[in-house]
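Quick note on this note's numbering: the sequence shown kicks off at 964 and runs consecutively.
As structure tokens, the structure follows; a few thoughts come after it.
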Amino acid sequence: MPNDILLNITVDFPINKNSVQRLFFTQPKKIIQATQESDIQHCLLTIEQEQLKGNFVVGFLSYDNALTDYLLLFGVYSAPLLIKPWSNSFQSFQVDPWRLSEGIDKYTDKINTIKKHIKNGDCYQLNYTIRAESRLLQGHTFDLFEHLTDCQAASYSAYIEHQDFTILSFSPELFFFQQGTHIHTKPMKGTKPFHPDDSLEKQKKSLEESVKDQSENLMIVDLLRNDLSKISRKGSVKTSELFAVESYLDILQMTSTISGKLEPHITFKDTINALFPCGSITGAPKKKVMEIIKRMEDQPRGPYCGAIGYLAPEQKNVFNVAIRTIVHNKKNNQLTYGVGSGVTWDSEPLDEYQEIRNKINFLSQEKPYSLFETVYLHHGKCFFWNQHFARLRQSAQYLNFVLPDEDHYNSINLLYPTIADSSFRGKFIYHRNGTARWELYPLPTEFELGIVNFASTPISSNDFRINHKTTDRSIYDQQFSKENLHLFDIILCNERDEVTEFSKGNIVVELDKLLYTPPQTSGLLPGVLRKYLLENNIIHERILHREEVINASNIWLINSLRGWVKVKLDLN
964 MPNDILLNIT VDFPINKNSV QRLFFTQPKK IIQATQESDI QHCLLTIEQE QLKGNFVVGF
1024 LSYDNALTDY LLLFGVYSAP LLIKPWSNSF QSFQVDPWRL SEGIDKYTDK INTIKKHIKN
1084 GDCYQLNYTI RAESRLLQGH TFDLFEHLTD CQAASYSAYI EHQDFTILSF SPELFFFQQG
1144 THIHTKPMKG TKPFHPDDSL EKQKKSLEES VKDQSENLMI VDLLRNDLSK ISRKGSVKTS
1204 ELFAVESYLD ILQMTSTISG KLEPHITFKD TINALFPCGS ITGAPKKKVM EIIKRMEDQP
1264 RGPYCGAIGY LAPEQKNVFN VAIRTIVHNK KNNQLTYGVG SGVTWDSEPL DEYQEIRNKI
1324 NFLSQEKPYS LFETVYLHHG KCFFWNQHFA RLRQSAQYLN FVLPDEDHYN SINLLYPTIA
1384 DSSFRGKFIY HRNGTARWEL YPLPTEFELG IVNFASTPIS SNDFRINHKT TDRSIYDQQF
1444 SKENLHLFDI ILCNERDEVT EFSKGNIVVE LDKLLYTPPQ TSGLLPGVLR KYLLENNIIH
1504 ERILHREEVI NASNIWLINS LRGWVKVKLD LN
């Protein structure tokens, strides 16, 4: 149908095992939608036809049509945008406290009813869900999305903006990935809260060895093996990484991977009909538990428990399971978040209710800090990537992050084909649990002679945020006020009145025809370009005081993105 619908989509999907790239889709050429079940099969065929024409087809499948009216909604796009096509509102958002739709007494009754179904042989696992509800009081949903993306650090996040609603998904779960005839799925079943003060390996081992969680996971593995076998070549369905444990910022999840080789005649429609909805959010046997779910759950699910993803040219399809997902109603600002757990005969209502509480914790968290590196990407090359990655790894070790590995290092190679003819500012964001995200931005505006001045208050040379590049920029932001917002940057000084750095780079001054930069002991970020210049004896370390900078022949801001930027000191 003609494009008369707003459909802006952002996806943070993997480009390799541990790293995702943020892509944007806007202004679709065509909309494919279904609001009735009778329309779905034709739409699925149309989606694949558009993919075969070389288009990207991006959108969602709903568990049911609650909250949005859509059972299926996709946009057809020529290609993704690498740079965000709209600007942030830069507003602080505010939401009402999140409230669960069921108290413990009602929830216990529901769990006991499910266990009766299990005892009677109607099912052997059922994924029962309830809702958490809130309202957006201030700010924009994209600001909320960016905040919660960093709180959850998931690998399959997505943001879908329609004129009537917005979907914010922070899913850690892969529904399926298909490339040609290869297909694999990675169901999640088995959860424990993550306690940052305890050993990660010890906690992972505890979940790996949990008999209850293994049993719960294995039931869904068997279900998905059966679903995959409907569309795969005989004997090709295999299970790998059984009972693997993945860590997120607030919880640990048990996953297993099932793969198969598709029969050559299998279409996208066949794949969805065989696999959707994912067995991890229904239970088993699938048809029977879906009937029970419909009777037992007080509220329909909508996009929650559906799937969000895209079809790309060259037969690449990737979809998440739309768990950890918020639907925002633009008319009344209502926020609805679905949350549930797999119920088996061994389940205890209090434990299941606590699991639900664990899964909504991130909705109310303060944004945790992450590490990041900003790099200069130019025509398929990155300057100083080895040095950036070494600094990131050093900071990760010092701050007790999961250490970045070869997959993280090599993720930049997967960007190069898409940036061969352009230049970008690349931002590599690295979370404590080892997940990472690439974001691309335009290069900064060139300044012929930026105006700078000293910050009004000193910073502590002992603050760890000075020595490591983190997303917590508050120590720098606090130095800016209405009086100095017009400046290109500010010069920071420590508690001993020693000059340290700029907020956006290191400082180099010319004194008696020699170039100097402050030592790291003064309290500063050891910049990549600074390190290169020191190693090559182009600049030299020296403690610098305010008067020396004032009397310097020249002053430069340096970093690996901008290079050398000459600045002018204005003390007025």
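C-beta: ideal position from N, C-alpha, C; glycine also.
These figures come from a predicted structure and were not determined experimentally.
Within 10 angstroms of the beta-carbon of Trp-1308 lie fewer than 16 other beta-carbons, which makes it exposed.
Between Gln-1177 and the set Pro-1405, Asp-1161, Thr-1218, Thr-1381, the nearest pair of CA atoms involves Thr-1218.
Contact annotation: Thr-1337 and Lys-1294 have beta-carbon atoms that are not nearer than 7 Å.
Going by C-alpha positions, Val-1528 is about 42 Å away from His-1125. In this structure Pro-1135 is not in contact with Glu-1013, their Cβ atoms being roughly 29 Å apart against a cut-off of 8 Å. Inside the stretch 1281 to 1326, DSSP marks whole alpha helix (DSSP H) runs of 4 or more residues at positions 1312 to 1323, from first to last along the chain. Per DSSP, the unbroken alpha helix (DSSP H) holding Glu-1179 starts and ends at 1174 to 1192. In the structure shown, Pro-1156 falls within a strand segment according to DSSP collapsed to helix, strand and coil. Residue environment for Pro-1227: exposed (fewer than 16 other C-beta atoms within 10 angstroms of its C-beta).
Around the beta carbon of Ile-1289, a 10 Å sphere encloses 16 or more other beta carbons of the protein chains shown; the residue is thus reported as buried. Arg-1258 sits away from Gly-1301, with the two beta carbons spaced by 7 Å or more. Approximately 13 Å separates the beta-carbon atoms of Leu-1131 and Tyr-1119; this is outside 8 Å, ruling out the contact. The C-alpha of Asp-1185 is placed about 12 Å away from the C-alpha of Lys-1152.
Under the three-state reduction of DSSP output, Trp-1061 falls in the coil class, being neither helix nor strand. Separation of Phe-1206 and Thr-1433 (C-alpha to C-alpha, rounded to the nearest whole angstrom) is 33 Å. Distance from Asn-1396 to Leu-1450 at the Cβ level is roughly 37 Å; contact not present, criterion being Cβ atoms closer than 8 Å. Shown here, Gly-1242 sits in a helix according to DSSP, grouped into three states. Exclusion of the five residues before and after Leu-1455 leaves Ala-1418, Ile-1422, Thr-1463, Glu-1464 as the residues of its chain whose Cβ lies within less than 6 Å of its Cβ. Beyond the five residues adjoining it in sequence on each side, Val-1281 comes within less than 7 Å, by CB distance, of Phe-976, Phe-1140, Gly-1272, Tyr-1273 in the same chain, given in chain order. Contact check for Thr-1112 and Phe-1133: beta-carbon distance about 6 Å, within the 8 Å limit, so the pair qualifies. Check the Cα spacing between Ser-1523 and each of Arg-1428, His-1341, Glu-1510, Phe-1443: the tightest is with His-1341. Assignment of beta strand (DSSP E) within the stretch 1064 to 1144, counting only whole runs of 3 or more residues, yields 1088 to 1101, 1119 to 1125, 1128 to 1134, 1137 to 1142 in chain order.
Taken through DSSP and simplified to helix, strand or coil, Tyr-1273 comes out as strand. Counting every other CB atom within 10 Å of its CB across the protein chains shown gives Phe-1023 a total of 16 or more, marking it as buried. Between Leu-1212 and Val-1058, the beta carbon gap of about 19 Å keeps them out of contact (Cβ cut-off 8 Å). Per the coordinates, the alpha-carbon of Ser-982 lies some 42 Å from the alpha-carbon of Leu-1477. Taking the C-beta atoms as reference points, Gly-1038 is found nearer than 7 Å to Pro-991.
Residue environment analysis places Lys-1330 among the exposed positions, since fewer than 16 neighbouring C-beta atoms fall within 10 angstroms of its C-beta.
Between Arg-1493 and Asn-1514, the C-beta gap is not smaller than 7 Å, which leaves the two residues out of contact.
Per DSSP, reduced to three states, the secondary structure at Tyr-1393 is strand. At least 7 Å separates the beta-carbon of Leu-1187 from that of Pro-1156. Here Tyr-1332 carries a coil assignment [DSSP, helix/strand/coil].
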